[in-house]
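Okay, so the sequence shown: first residue is 448 according to our numbering, each after it adds one. By construction, the Cβ of each residue, glycine as well, lies at the ideal position given by its N, Cα and C atoms. It should be emphasised that the depicted structure is a prediction, and the values quoted were computed from it without experimental measurement.
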Amino acid sequence: MSNAYAELVKEQKDVATLTAIGSLLGWDQETYMPPGGAGARADQQELLSAIAHQRKTSPRIGDLISQCEASNGALDDTLRASVREMRRDYDLATKLPTELVAELAKTQSLSQDAWKHARAKDDFAMFAPWLEKILGLTRRKAECYGFASGGELYDALLEEYEPGATAKQIEAIFNPLQPRLSALVARLCDSPRRPPDALKGIAVPQDRQHAFGLDVLKAIGFDLETGRLDTTAHPFCSGFGPGDTRLTTRYNTSSCLEPLSSTMHEAGHGIYEQGLPKATQFGTPLAEAVSLGIHESQSRMWENLVGRSRAFWMWALPVAKRRFAPAIDHLTLDQVYASVNQVERSFIRVEADEATYNLHIMLRFGLERDLISGRLPVKDLPGEWNRRFKQLLGLDVPSNKLGCLQDVHWSFGLVGYFPTYTLGNLYAAQFWQTISAAIPDLDAQMSRGEFGALKTWLNENIHRHGRRYRAGELCQRVTGRPLSAEPLMEYLERKYAPLYGV
Ligand code: ZN
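Take a look at the structure:
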């Protein structure tokens, strides 16, 4: 390892540590901070993010990256990949003027607050001027980043979440997938033999749900010595430095197994964070996740491909019965399996099932692409949302609260983020095919509560590489082909057709 690289790592470690402190402040704000702390916390975050941005964009880091590039031959493949990603991050960060970073940070927090009130009052007009403002700043950011010729402004924003992806590539995956999903949803929802939801209305106290969640976390391999689980309004996962990964979930006392899906989802993110080589590489891209799409593939895999499978419930149902006794003593495996796999056209994305979920994402991808390009004026958003929603999901949206005001993302200027959810679903299904071939008795293992082989496979093939490979390259290496919609469609068809008798 060259001296320049060693010094570069030292600098980057400081930046990563500052970022981790910011995440810890954010975690505290969502979990235990008293409401009165909000003002001081905003000041703390503002100062910290300014310091972090300064450090991240310091000319010294730029010099060291150039030195490493000049002596590239002295570095092995892994370190060369590390320098490549550091160059990318540095160039992206230095393209943004500090003044814009600061104005974005301030506007994000005010706009998010306006969104919260507008959503509560179901009043789009209240939020519209803020959306206008944040979109203007987001557009300016995209212009600073720039995009390849033949591309569009939206590509520049995707770069923050899914490096290298373009709107055209995503469109090429989404467009043919959409009619196939719509057709499947229609068949399932209109089936006269759709199975009933036997879990509906079964109440279990929160502490028992928490205990069951911990049972599952331990079994699937989320390490509670280097992680913890808390409660928040919106579940999330935060990975700080080595040895500290935090999950949050929420409980629902009127639907006793539903919270497990968000616990397993966040645990999937957490297992990825714990699997990154932070102990030796913290601060470098080699200890960071590839992209949001790959991160989401991990959460979706544990939440859906594992957590909604029959094999998983063969093991988990007796565990849940012990924790919840006597609330679900009367339920059979078939009843529970059908209940956790209810397919329904509904308005809220975060409550959507596996079959309808991606239609919600396609709606947002189309709309935000038009918002950024200016093809869709902000004032027309509610009408356009409702029109396209009817087309995609066949329902009349009764209010903006159940429509275009439901998600926090746009209030925060997170444009280009939504497609990563569907990319995650697609990657998860494609990885799963490879995993099933590599571990032929995976179902039998899961039905005994054994998840070690699966977790080890993920550690070995995905987690340990950090950002050494870009998402597309990783997918090609792991599965032997580029990302395709086929594995997801095959999975949905194979699972839901027998369950819904179609
Ligand atoms: Zn997620």
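If the five residues before and after residue 550 are omitted, its C-beta is found closer than 8 Å to the C-beta atoms of 584, all from its own chain and listed in chain order. In terms of CA proximity to residue 757, 783 leads the group 774, 732, 783 and 687.
The continuous beta strand (DSSP E) containing residue 692 extends over residues 692-696. Burial check for residue 576: the Cβ neighbour count within 10 Å stays below 16, so the residue is exposed. An exposed status is given to residue 895, since fewer than 16 other beta-carbon atoms sit within 10 Å of its beta-carbon. Within the same chain, and ignoring the five residues on either side of residue 621 in sequence, the residues whose Cβ sits closer than 6 Å to its Cβ are 809.
Within 6 Å of the C-beta of residue 743 there is at least one heavy atom belonging to ligand 1. Residue 537 counts as buried, since no fewer than 16 other beta carbons sit within 10 angstroms of its beta carbon. Just measuring C-alpha positions, the residue of 589, 653, 664 and 727 sitting nearest residue 460 is 727. Counted as a single uninterrupted DSSP element, the stretch harbouring residue 722 is not any beta strand (DSSP E) but the alpha helix (DSSP H) occupying residues 705-722. Here residue 721 is buried: its Cβ has 16 or more other Cβ atoms, across all protein chains shown, within 10 Å. Residue state for residue 678 is assigned as strand, using DSSP reduced to three classes. Fully enclosed alpha helix (DSSP H) runs of no fewer than 4 residues occupy 506-517 of the segment 489-540, in order along the chain. Pairwise C-beta distances place the segment 596-610 in contact with the segment 725-741, as three or more of them are shorter than 8 Å. In this structure, the beta-carbon distance from residue 528 to residue 834 does not fall below 7 Å.
The beta carbon of residue 823 is closer than 8 Å to those of 814, 817 and 831 in its chain, skipping five residues each way along the sequence.
Residue 505 has its Cβ no nearer than 6 Å to any heavy atom of ligand 1.
Here the alpha carbon of residue 717 sits roughly 20 Å from the alpha carbon of residue 465. Scanning the segment 805-862 from its first residue to its last, the whole alpha helix (DSSP H) runs of 4-plus residues come out as 828-840. If you check the C-beta of residue 746 against ligand 1, you find a heavy atom less than 6 Å away.
For residue 685, the secondary structure class from DSSP, reduced to helix, strand or coil, is strand.
Proximity to residue 847 across 570, 587 and 706 peaks at 570, based on C-alpha coordinates. When only Cα atoms are considered, residue 672 and residue 695 end up about 16 Å apart. Here DSSP, grouped into helix, strand and coil, assigns residue 481 to coil. For residue 839, the closest alpha carbon among the candidates 631, 599, 546 and 760 is that of 631.
In the three-state reduction of the DSSP assignment, residue 788 falls in the coil class. Around residue 929, the same chain offers 919, 922 and 923 as residues with beta carbons nearer than 7 Å, after the five sequence neighbours per side are excluded. In this structure, the beta-carbon distance from residue 802 to residue 939 falls below 7 Å.
Residue burial is scored here from C-beta neighbours: residue 779 has fewer than 16 other C-beta atoms within 10 angstroms and is therefore classed as exposed. By the 16-neighbour rule on beta-carbons within 10 angstroms, residue 934 is buried. By the CB criterion at 7 Å, residue 649 and residue 774 fall inside the cutoff.
Distance from residue 512 to residue 455 at the Cβ level is roughly 7 Å; contact confirmed, criterion being Cβ atoms closer than 8 Å.
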